[in-house]
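Note that the protein sequences, when read in sequence, are chains A and B.
For the first sequence, my numbering assigns the number 1 to the initial residue and increments by one for each residue that follows.
For the second sequence, my numbering assigns the number 139 to the initial residue and increments by one for each residue that follows.
Using N, Cα and C, we set each Cβ at its ideal position, and we do this for glycine too.
Since the structure is predicted, the reported quantities are computational estimates derived from the model, not experimental observations.
Since the structure comes first, as structure tokens, the remarks are kept for the end.
Number of protein chains: 2
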Amino acid sequence: MERGITEHSTAKPDAAPELKIKLQIYCGKEIAMGPGKADLLEAIAREGSISAAARALGMSYRRAWLLVDTMNRCWSEPLVETGPGSPGRAGAHVTGLGASVIAAFRKMQDRALGLRDAGEWEGLREMLRGSPKQHQKD
Amino acid sequence: MERGITEHSTAKPDAAPELKIKLQIYCGKEIAMGPGKADLLEAIAREGSISAAARALGMSYRRAWLLVDTMNRCWSEPLVETGPGSPGRAGAHVTGLGASVIAAFRKMQDRALGLRDAGEWEGLREMLRGSPKQHQKD
């Protein structure tokens with residue numbers, strides 16, 4: 001009885017199996033663009049500063065700054081420019097190149113998601129369990 | 139002069155920018171199939187045991203065993219079966235389902251690589267530097 005209750009209460013509802021597809025663009029050993037950097041660029045475009053973008057994404061300012069620094073060193077021109085902005089407020093904006101890079105990257109991500117419509121994935125998902133079989137305790 | 143020599147000797151040759159595409163199949167929070175697990179399955183099929191496959195991939199036996207255990211718990215039937223094999227030698231083989239899963243996964247990976255032929259990637263790679271700009275030391 002207790003065992004039955006325990007099993008019931010800890011069993012997770014079956015989730016649909018998922019195919020994750022991650023695109024990363026490398027420049028040498030550094031990642032010039034990936035899912036996290038694309039999200040950050042969009043947040044900077046929206047928020048108008050690196051610090052506000054970091055806050056919106058729950059990321060430290062230091063980490064956001066490092067990601068921007070890497071992007072700016074990997075592409076032919078900076079993707080983000082910081083400026084004095086209004087007095088007492090350091091703003092940042094996404095450059096024209098930055099906007100082009102985001103658009104092309106998102107388009108590639110969309111194309112990649114098309115793999116989920118392919119026959120291989122249909123066949124594989126049918127053979128997956130809803131959740132992993134648990135180890136038997138004895 | 140010394141600076142020139144230093145720059146020359148530490149400069150890495152420009153590598154072609156690379157688009158990496160990683161496919162991962164999730165079952166709940168566990169990864170049922172991904173690049174590392176696919177490589178391991180192929181090595182087991184080739185080597186005939188988990189320990190020989192681990193050795194061939196430079197992976198610890200423990201890690202290989204854990205990856206096999208996860209795969210076997212995520213799919214409707216095991217992808218790898220271990221058996222007594224010949225006396226004194228514990229063998230392992232990839233099941234029919236395991237072979238189907240590898241084939242479908244590799245096919246999806248091949249399709250994903252087709253993204254490299256898309257116009258977006260052509261455009262992006264032209265805007266990437268051969269290697270990241272180094273920080274200026276001062």
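Pull up the CB-CB distance for A/His-93 and A/Gly-48, whole angstroms please, since I reckon it's below 8 Å. Numbered from 1 along the first sequence, position 93 holds the residue referred to as residue 93 of chain A. Numbered from 1 along the first sequence, position 48 holds the residue referred to as residue 48 of chain A. That pair is a contact at about 7 Å.
Take B/Glu-180 as the anchor and find which of B/Glu-156, B/Cys-165, B/Ala-237 and B/Asp-207 has the nearest alpha-carbon. For the purposes of this step, residue 180 of chain B is taken as the residue at position 42 of the second sequence. The option with the nearest alpha carbon to B/Glu-180 is B/Ala-237.
Report yes if the C-beta distance between A/Trp-65 and B/Met-246 is below 8 Å; otherwise report no. Taking the first sequence and counting its residues from 1, the one referred to as residue 65 of chain A is at position 65. Taking the second sequence and counting its residues from 1, the one referred to as residue 246 of chain B is at position 108. No, Cβ-Cβ distance for A/Trp-65 and B/Met-246 is not below 8 Å.
Can you give the Cα-Cα distance for A/Asn-72 and B/Gly-229, rounded to whole angstroms? Against the first sequence, residue 72 of chain A aligns to sequence position 72. Against the second sequence, residue 229 of chain B aligns to sequence position 91. When the Cα atoms are used, A/Asn-72 and B/Gly-229 turn out to be separated by approximately 52 Å.
Determine the closest residue to A/Leu-124 out of B/Ala-154, B/Glu-156, B/Leu-157 and B/Gln-162, with distance taken between C-alpha atoms. Within the first sequence, numbered from 1, the residue matching residue 124 of chain A stands at position 124. When B/Ala-154, B/Glu-156, B/Leu-157 and B/Gln-162 are compared, the shortest CA-CA separation from A/Leu-124 is found for B/Gln-162.
Quick one: what's got a C-beta closer than 8 Å to A/Arg-46's C-beta in the same chain, skipping five residues either side? Within the first sequence, residue 46 of chain A is the residue found at index 46, counting from 1. A distance below 8 Å between beta-carbons, with the five flanking residues on each side excluded, links A/Arg-46 to the following residues of its chain, in chain order: Ala-53 and Ala-56.
Using 8 Å as the limit for Cβ to Cβ distance, is A/Ile-50 near chain B? The sequence position of residue 50 of chain A within the first sequence is 50, counting from 1. No, A/Ile-50 lies away from the interface with chain B (no Cβ there is under 8 Å from its Cβ).
The alpha helix (DSSP H) with A/Ala-64 in it runs from where to where? Locating residue 64 of chain A in the first sequence gives position 64, counting from the first residue. First-last of the alpha helix (DSSP H) with A/Ala-64: 61-74.
Give me the DSSP bridge partner(s) of A/Val-139. Residue 139 of chain A cannot be examined here, being either before or after the span of chain A that is shown, 1 to 138.
Return helix, strand or coil for B/Ala-154, following the three-state DSSP convention. Translated into the one-based positions of the second sequence, residue 154 of chain B becomes position 16. Residue state, collapsed to three classes: coil.
Would you say A/Leu-97 faces chain B, with C-beta separation under 8 Å as the test? In the first sequence, counting from the first residue as 1, residue 97 of chain A sits at position 97. So yes, A/Leu-97 belongs to the interface.
Run through chain A and tell me which residues come within less than 9 Å of B/Gln-181, C-beta to C-beta. Here residue 181 of chain B corresponds to residue number 43 of the second sequence, with the count starting at 1. It is worth fixing the name first, because residue 181 of chain B is Ala in this sequence and not Gln. Chain A residues near B/Ala-181: none, gap ~21 Å exceeds 9 Å.
Determine, using beta carbons only, whether A/Gln-136 comes closer than 8 Å to chain B. Residue numbering aside, residue 136 of chain A sits at position 136 when the first sequence is read from its first letter. For A/Gln-136, the answer is no, since every Cβ of chain B falls outside 8 Å of its Cβ.
Taking only three categories from DSSP, how would you classify B/Gln-162? On the second sequence, residue 162 of chain B is found 24 positions in, with the first residue counted as 1. Here B/Gln-162 sits in strand by DSSP.
State the Cα-Cα distance for the pair B/Thr-233 and A/Met-33, rounded to the nearest angstrom. Translated into positions along the second sequence, residue 233 of chain B becomes position 95. Translated into positions along the first sequence, residue 33 of chain A becomes position 33. Per the coordinates, the alpha-carbon of B/Thr-233 lies some 38 Å from the alpha-carbon of A/Met-33.
From what residue to what residue does the beta strand (DSSP E) around A/Ala-118 run? As a working note, residue 118 of chain A is residue 118 in the first sequence. That residue, A/Ala-118, is in no beta strand (DSSP E); it is neither H nor E in DSSP.
If A/Gly-119 sits next to B/Pro-270, beta carbons under 8 Å apart, how far is it from one beta carbon to the other, in whole angstroms? Working through the first sequence from its first residue, we reach residue 119 of chain A at position 119. Working through the second sequence from its first residue, we reach residue 270 of chain B at position 132. With 8 Å as the limit, A/Gly-119 and B/Pro-270 do not qualify as a contact, their Cβ atoms being about 40 Å apart.
Any chain B beta carbon closer than 8 Å to A/Ile-25: Residue numbering aside, residue 25 of chain A sits at position 25 when the first sequence is read from its first letter. So yes, A/Ile-25 belongs to the interface.
If distances are taken between C-alpha atoms only, which option among A/Asp-110, A/His-135, A/Tyr-61 and A/Ser-76 comes closest to A/Leu-40? For the purposes of this step, residue 40 of chain A is taken as residue 40 along the first sequence, with counting starting at 1. When each option's Cα is compared against that of A/Leu-40, the closest is A/Tyr-61.
Could you name the residues of the stretch 198-215 of chain B whose beta carbon sits closer than 9 Å to any beta carbon of chain A, in the order they occur along the chain? Under the 9 Å Cβ criterion, the stretch 198-215 of chain B contributes Asp-207, Thr-208, Asn-210, Arg-211, Cys-212, Trp-213, Ser-214 and Glu-215.
Who are the near neighbours of B/Val-218 in its chain, counting only those whose CB is closer than 8 Å to its CB and skipping five residues on each side? Looking up residue 218 of chain B in the second sequence gives position 80. The answer, listed in chain order, is Leu-179, Ile-182, Ile-188, Val-206, Met-209, Asn-210, Ala-230, His-231, Val-232, Thr-233 and Gly-236.
With H, G and I counted as helix, E and B as strand and the rest as coil, what does DSSP make of B/Glu-140? By 1-based counting over the second sequence, the position of residue 140 of chain B is 2. Because the pLDDT of B/Glu-140 is 39, which lies under 50, any placement of that residue in the model is unreliable, and the question is left without a value.
Going by the CB atoms, is the gap between B/Ala-176 and B/Arg-244 shorter than 8 Å? Indexing the second sequence from 1 puts residue 244 of chain B at position 106. Indexing the second sequence from 1 puts residue 176 of chain B at position 38. Closer than 8 Å, so yes.
Spatially closest choice to B/Glu-215 from A/Pro-78, A/Glu-126 and A/Arg-116, by CA coordinates: As a first step, residue 215 of chain B is located in the second sequence; it is residue number 77 there, counting from the start. B/Glu-215 has its Cα closest to that of A/Glu-126, out of A/Pro-78, A/Glu-126 and A/Arg-116.
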